[in-house]
Every structure is written in structure tokens, then in C-alpha cells.
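Participant:
Residue numbers (the working numbering), protein chains in the order written: chain A, 1 to 291; chain B, 292 to 582.
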């Protein structure tokens, strides 16, 4: 398998994640080809200098690629995995950037033998989507999970690592099920809490719309993820149901305990619980979360 | 009662809120006197130019004040309300910036007749506390709730409004119980959700510490409020228990519904619920929340 600098990379899906990945890779490999459904997206990617070439034709876009990265919502990735195998050249590395991994890796296992599959999930993003929000620096400083299969060769994994490092991210190799459990706790759960918060505020607003006049930055930040793209989040939730339900359950236990302490007026219990949580939050504040 | 420009204002408590209020008022009234428990705090306030004079002596600090603003945690305000009346000159306007209002206003009703009480709560803040974080612009563009009592005169309320406007905030007159219900939904609930999220992540981390390596900006922002000062939050929760429990209850209903939809794999139900929430979030994104 080639060095990254010698490879032609095709990025399928030019939204926030795909457009940013293409832009970050451009100039670090032989060519970056962008594949999108809509002509306007391809034109924007070219105009913004995020790709060397662009096309709406999947077969043409990936035919000569050494590396193909699927950067669409999860369930489109699952569908593409069923179609793309025969379109890929011998030895092609096929990666993805989907937010859940177990189901994707299961489907990857069924790819034809001439393809080298490697699951991926960069731990960055924004609550806005689309190529307009893409930026080549999006991945810098973030963890980028890689989930190799048993059939994935060492050289394919090394090329995947090189690609991750080329956009400034840190490769983190994980089992796909373990990945899905972890992101349920720190990514999918926060999304659902943000949604429940907005839903609760809406219920309050039904009786008294003045609630929006007293909502401040605490509400705004805690509910930020509720603005996430719904199709993307649906795919994530529906392909990670067991882990999401488990995370919700763990969180409900926490909420019920805090609720019990408030109801009981248990000042010492509440101080102990909230102080431990605050200490942990302060320790994690400097996580490499980017901006 | 005087115009704001003619008044001497004493701010009791020089943390984030008091220090910022003093700094924002300075130069817009005859003098701003800062009162703090610790000499170092007074010195910092003077060095940072947030006050004209400073003292650790409450009686001396408020003796000649036309306006006194209590800017301590809620339960310190409740205690001060029981002591400060006899120290205040005739006609003095006594305000506060405490985050809950019903209990404070009840205690204000027992103040001696020569004092004009007015509850207040600015809808701004940060998750950091202390005078080091204070900035004179903190209040700019934010709502500032005022909760007058039956005994509060029109001229006292007008002076309170002038003070709020002097620091760049928008006065919003509300009944104290209504205030407490509204902030439970958009301020105290987000804090508890942030805490539950950190607690749940901690539970996950107990089994697999790698969870912190995959935590990204979504986790960071949704959990931001968990870093809030515990003493301040304890006072808020314990002086607003009924409204906080009601907000938790409304939120639990939302969470259970989302959880049910995920468990059932009800794609259409989930899309409908999450889309409505996203629309509402986008509508509220441009709330005057400041930074």
C-alpha cells in the first residue's frame, strides 16, 4: 500500500465532516476528489478550494481512488457499503466517519475481499451542518477513533492513521462496540439532554412565554446540541439504541438522586454530590475538545 | 428620592456579580462603595478600579448609602436582610441580585419601614465566580428581573430601573413566584442536567476511563454549568425547591418520551419530536443571552 502523499483520496459526502476532511487533506496527497449528490455542493467545494476535483458520479469518483472515505449520515453509509465494493479498485482502503461503529463495521465485514475496510469516527463537529460550515482545521487536536476489522491489514491501518494525523487529529484504536458505549455517554446522551431541556422549556413557555426573556447563556449552552441535524442524529440514535438507552438509564439514576436530595432538603448530601461533580468537571475542562 | 447620578451606591459582596455591578455603575453615580468580608477582595476591587471606596465594615459601608445592593449567595442575603435594616439611612433603596426571589421578597417584607426594598435578579453570569472574573460589561444586553413589593414606592422602583439601565441591562418586572418558576426551567434545570451528565460520564469512566478521550465539545458545552460555584447553587436549589422539582419532573417526562421512542425504534415519532425541538431551539438561538 502507498504512502499517503502518493494516494488519490475520494471523499463521498461533502457536508461539514466530509468537506472539512477533504480541505484538510488537500495538498497532503496526490489528489482529493469530492463526491456529492448535488452539483451545487460540488461547485461550492471547488470554489472553496476544499477538493482538487469534484463529481456527482459515485462510480467515476472512486474508480481510481487509493482511499475512499464515506462521510454521509450513518444509514447512508450502511447503504453505500452494500453498493460500493465492486466500484473500488484492488487494495482500496475504505474508511468512514460515521458517528456509530458497530453496525457499520458489521456491514464492512461483508465487503468484497479486494477492499481494505477501516471504521472511523472523528470526535469533533459542530451543531451546524453542510459544506458552508466546513473548514480544513476542523479535525485539528481532536481524537479520531479507528475501528479496524480482523481482515484489515497492518498497512491499511497505518495508512488510515497517516490520514488521521494529516488532518491534525489523534488516532485512537477502539473496538466498535466499546466506541459505541463510550460515545453514547458523552455524545448521544448530551444531545438527548439538550432536547429534553428545550422540550421542558417549551412546556413552561406554553403557560408563560416570558420564560424566553429570562433564558440566559446557561440555557443556551446546555441546549446547544438540540440544534443538531435531525437526520444525522436519528441515524445515530437508531443505530446505537442499546447503548443510548443504557446511557439514559445511568443518567436517570443521577437525576433521581439529585432530585431526591433537593426534595429532602439534604444540604450536606447535596453539597457532597455537587462538589464531587464539580471537581470532576473542572478536571475534564481542559479536555482536547477544540472549539 | 434622588436621581441615580446623585446617589451613593453600596454593593455588599464583591464576587463576580457584585464586582461587575460596581464596575458598571462606577462613574454613573456619586460614588460606589464596595463591601466585602475579606480585605484582599476590597484591595482587588480598588486595584481593578471597580469601586470608588471599599471596606470590610458593613455598617460603615452602608451608613451613607442611597442605594444598597446585596450581591452575595442567596442564603447570605436572607441573613443580611435580618440585620441590615437598622444600619440603613432613611429612604434607602435596598436591592439584591439573588438568583431566587420568593423567599428573599418574603424576608424583605419584614424590613423596617424607613427602607425601600426591591428584589432583583440579573439574567447573566458565568460558571466562574469571584472578583477576578468580574467585568463592568457583564450585565450589558441582559434581562434584569425586578420584583417590587407592595410597599415599594414608584420612585424607588424607578431608581431601581435606572440602576439596571445604567449597567446596560433591560428591566423586567415580575412577580417573585413567577420568576422562580421560570428560572427553575431555564437556569436551575440546566445546572442539574449538566451535573447528571457529568455524573453519568463518571459512572461510565469508572468502567472505562477512555470515555474522557472521546468526550468532545458537545459534552463540554452541555456540562459547562456543572462547574458552577456549589455554595451559590446549593442556596438556589434549597430556596426554590418546589419549582426546581416541578422543572425536573417536566424534563423527566420529556426524557422518558424520547427514551420510549428510541427503545421502540419509532423513526417517524422520533423525527417529529426532534424536529420540533430543533425548530424551537433555532428560534431561541438569538435570545439576548450575551456571551
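Glycine is no exception: its CB is placed at the ideal position from the N, C-alpha and C atoms. As the structure is a computational prediction, the values presented were derived from the model and not from experiment.
Evaluate the contact criterion for the region 231–248 of chain A versus the region 542–561 of chain B: three or more CB pairs, one atom per stretch, below 8 Å.
Facilitator: The region 231–248 of chain A and the region 542–561 of chain B touch, with no fewer than 3 CB-CB distances between them shorter than 8 Å.
Participant: Residue 546(B) and residue 192(A) look like a contact to me (Cβ under 8 Å); what is the Cβ gap, rounded to whole Å?
Facilitator: On the second chain, residue 546(B) is found 255 positions in, with the first residue counted as 1. On the first chain, residue 192(A) is found 192 positions in, with the first residue counted as 1. Approximately 7 Å separates the beta-carbon atoms of residue 546(B) and residue 192(A); this is inside 8 Å, confirming the contact.
Participant: Quick one: what's residue 119(A) bridged to in DSSP?
Facilitator: As a first step, residue 119(A) must be located in the first chain, where it is residue number 119. In the DSSP output, where bridge partners are listed per residue, residue 119(A) has 147(A).
Participant: What distance in whole Å lies between the Cβ atoms of residue 104(A) and residue 82(A), which are believed to be in contact at a cut-off of 8 Å?
Facilitator: Here residue 82(A) refers to the residue found at position 82 when the first chain is read from its first residue. Here residue 104(A) refers to the residue found at position 104 when the first chain is read from its first residue. About 12 Å; that fails the 8 Å criterion.
Participant: Could you give the distance in angstroms between the alpha-carbon of residue 293(B) and the alpha-carbon of residue 450(B)?
Facilitator: The sequence position of residue 293(B) within the second chain is 2, counting from 1. The sequence position of residue 450(B) within the second chain is 159, counting from 1. Approximately 8 Å, taken between the alpha carbons.
Participant: May I ask which residues mark the beginning and end of the beta strand (DSSP E) holding residue 534(B)?
Facilitator: One-based indexing of the second chain puts residue 534(B) at position 243. Careful: residue 534(B) lies outside any beta strand (DSSP E), inside the alpha helix (DSSP H) at 532–555.
Participant: Within a Cβ cutoff of 6 Å, which residues of the same chain sit near residue 145(A), ignoring the five residues on either side of it in sequence?
Facilitator: Working through the first chain from its first residue, we reach residue 145(A) at position 145. Cβ neighbours of residue 145(A) beyond the five flanking positions: 121, 172, 174 and 179.
Participant: Do residue 88(A) and residue 94(A) have their C-beta atoms closer together than 8 Å?
Facilitator: Stepping through the first chain from its first residue, residue 88(A) is reached at position 88. Stepping through the first chain from its first residue, residue 94(A) is reached at position 94. Taking 8 Å as the Cβ cut-off, residue 88(A) and residue 94(A) qualify as a contacting pair.
Participant: Can you give me the start and stop residues for the alpha helix (DSSP H) that residue 31(A) sits inside?
Facilitator: Translated into the one-based positions of the first chain, residue 31(A) becomes position 31. Run containing residue 31(A): none in the alpha helix (DSSP H); it sits in the beta strand (DSSP E), 31–35.
Participant: List the whole-angstrom C-beta distance separating residue 216(A) from residue 390(B), where the pair is believed to meet the contact cut-off of C-beta under 8 Å.
Facilitator: Here residue 216(A) is taken as the residue at index 216 of the first chain, counted from 1. Here residue 390(B) is taken as the residue at index 99 of the second chain, counted from 1. Residue 216(A) to residue 390(B), Cβ: 11 Å. No contact.
Participant: So which residues on chain B does residue 140(A) lean against when the C-beta distance must stay under 7 Å?
Facilitator: As a working mapping, residue 140(A) is identified with position 140 in the first chain. Under the 7 Å cutoff, chain B gives no residues; its nearest Cβ is about 13 Å from residue 140(A).
Participant: For residue 480(B), which residues in the same chain have their Cβ closer than 7 Å to its Cβ, ignoring the five residues on either side in sequence?
Facilitator: Walking along the second chain from the start, residue 480(B) turns up at place 189. Same-chain partners within the cutoff: 538, 539 and 542.
Participant: For residue 39(A), which residues in the same chain have their Cβ closer than 7 Å to its Cβ, ignoring the five residues on either side in sequence?
Facilitator: Taking the first residue of the first chain as position 1, residue 39(A) is located at position 39. Cβ neighbours of residue 39(A) beyond the five flanking positions: 56.
Participant: Could you compute how far the alpha carbon of residue 110(A) sits from the alpha carbon of residue 86(A)?
Facilitator: What you label residue 110(A) is simply residue 110 of the first chain in a count that begins at 1. What you label residue 86(A) is simply residue 86 of the first chain in a count that begins at 1. Distance between the alpha carbons of residue 110(A) and residue 86(A) is about 12 Å.
Participant: Quick one: which residues of the region 340–351 of chain B get their C-beta closer than 7 Å to a C-beta of chain A? List them in chain order.
Facilitator: none
Participant: Threshold first: 3 residues or longer. Then list the beta strand (DSSP E) segments lying entirely within the region 153–209 of chain A, N to C.
Facilitator: 170–173
Participant: Tell me the DSSP secondary structure of residue 346(B) in three-state form.
Facilitator: If you number the second chain from 1, residue 346(B) lands on position 55. Three-state result, residue 346(B): strand.
Participant: Given a cut-off of 8 Å, decide if residue 54(A) and residue 76(A) are closer than it, judged by their beta-carbon atoms.
Facilitator: Position 76 of the first chain, counted from the start, is the residue given in the question as residue 76(A). Position 54 of the first chain, counted from the start, is the residue given in the question as residue 54(A). No, the Cβ-Cβ distance between residue 76(A) and residue 54(A) is not below 8 Å.
Participant: Quick one, are the C-beta atoms of residue 301(B) and residue 362(B) less than 8 Å apart?
Facilitator: Sequence index remark: in the second chain, residue 301(B) carries index 10 (1-based). Sequence index remark: in the second chain, residue 362(B) carries index 71 (1-based). No. Outside cutoff.
Participant: Kindly say whether residue 281(A), judged by its beta-carbon, lies nearer than 8 Å to any beta-carbon of chain B.
Facilitator: Locating residue 281(A) in the first chain gives position 281, where the first residue counts as 1. By this cut-off, residue 281(A) is an interface position.
Participant: Could you round the C-beta distance between residue 51(A) and residue 26(A) to whole angstroms and report it? I think they count as a contact, below 8 Å.
Facilitator: Taking the first chain and counting its residues from 1, one reaches residue 51(A) at position 51. Taking the first chain and counting its residues from 1, one reaches residue 26(A) at position 26. Contact flag correct, Cβ pair sits at about 7 Å.
Participant: Per DSSP, what kind of secondary structure is residue 425(B) in: helix, strand or coil?
Facilitator: Start at 1 with the first residue of the second chain, and residue 425(B) comes out as number 134. Three-state DSSP puts residue 425(B) in coil, outside helix and strand.
Participant: Quick check: the Cα distance between residue 284(A) and residue 136(A), rounded to an integer number of angstroms?
Facilitator: Position 284 of the first chain, counting from 1, holds the residue named residue 284(A). Position 136 of the first chain, counting from 1, holds the residue named residue 136(A). Residue 284(A) and residue 136(A): Cα-Cα distance of roughly 26 Å.
Participant: Please compile the residues from chain B whose C-beta is within a distance smaller than 7 Å of the C-beta of residue 90(A).
Facilitator: By one-based count along the first chain, residue 90(A) stands at place 90. In chain order: nothing, as chain B lies at least about 34 Å away.
Participant: With a cut-off of 8 Å, does the C-beta of residue 435(B) fall near any C-beta of chain A?
Facilitator: To locate residue 435(B), count along the second chain from 1; it is residue 144. False, the Cβ-Cβ gap to chain A never drops below 8 Å.
Participant: Do you know how far the Cα of residue 169(A) is from the Cα of residue 157(A)?
Facilitator: As a position in the first chain, residue 157(A) is number 157, starting the count at 1. As a position in the first chain, residue 169(A) is number 169, starting the count at 1. Residue 157(A) and residue 169(A): Cα-Cα distance of roughly 15 Å.
Participant: Within 10 Å of its beta-carbon, does residue 278(A) have 16 or more other beta-carbons around it, so buried, or fewer, so exposed?
Facilitator: Here residue 278(A) refers to the residue found at position 278 of the first chain. Buried, since its Cβ has 16 or more Cβ neighbours within 10 Å.
Participant: By the DSSP assignment, the beta strand (DSSP E) with residue 287(B) in it spans what residues?
Facilitator: Any answer about residue 287(B) is impossible in this case: the structure gives chain B only from 292 up to 582.
Participant: Of all the CB atoms in chain B, is at least one closer than 8 Å to the CB of residue 165(A)?
Facilitator: By one-based count along the first chain, residue 165(A) stands at place 165. Not one chain B Cβ lies under 8 Å of residue 165(A).
Participant: Assuming residue 199(A) contacts residue 516(B) (C-beta within less than 8 Å), just tell me the rounded distance between them.
Facilitator: Taking the first chain and counting its residues from 1, one reaches residue 199(A) at position 199. Taking the second chain and counting its residues from 1, one reaches residue 516(B) at position 225. Not really, about 18 Å apart at Cβ, beyond 8 Å.
Participant: Just list the residues that DSSP pairs residue 399(B) with in beta bridges.
Facilitator: Translated into positions along the second chain, residue 399(B) becomes position 108. Per DSSP, none; premise fails for residue 399(B).
Participant: Let me check understanding here. Comparing Cα to Cα, which of 432(B), 407(B), 423(B) and 431(B) lies closest to residue 439(B)?
Facilitator: Working through the second chain from its first residue, we reach residue 439(B) at position 148. Minimum Cα-Cα distance from residue 439(B) among the listed residues 432(B), 407(B), 423(B) and 431(B) corresponds to 407(B).
Participant: With burial defined as no fewer than 16 other Cβ atoms inside 10 Å of the residue's Cβ, what is the status of residue 22(A): buried or exposed?
Facilitator: What you label residue 22(A) is simply residue 22 of the first chain in a count that begins at 1. Classification for residue 22(A): buried.
Participant: Say whether chain A places a C-beta atom closer than 8 Å to the C-beta of residue 452(B).
Facilitator: As a first step, residue 452(B) is located in the second chain; it is residue number 161 there, counting from the start. It does not: the Cβ of residue 452(B) has no partner Cβ on chain A nearer than 8 Å.
Participant: So that I know if they touch, is there some Cβ in chain B lying closer than 8 Å to that of residue 135(A)?
Facilitator: Residue mapping note: residue 135(A) aligns to position 135 of the first chain, counting from 1. Output row for residue 135(A): interface = no.
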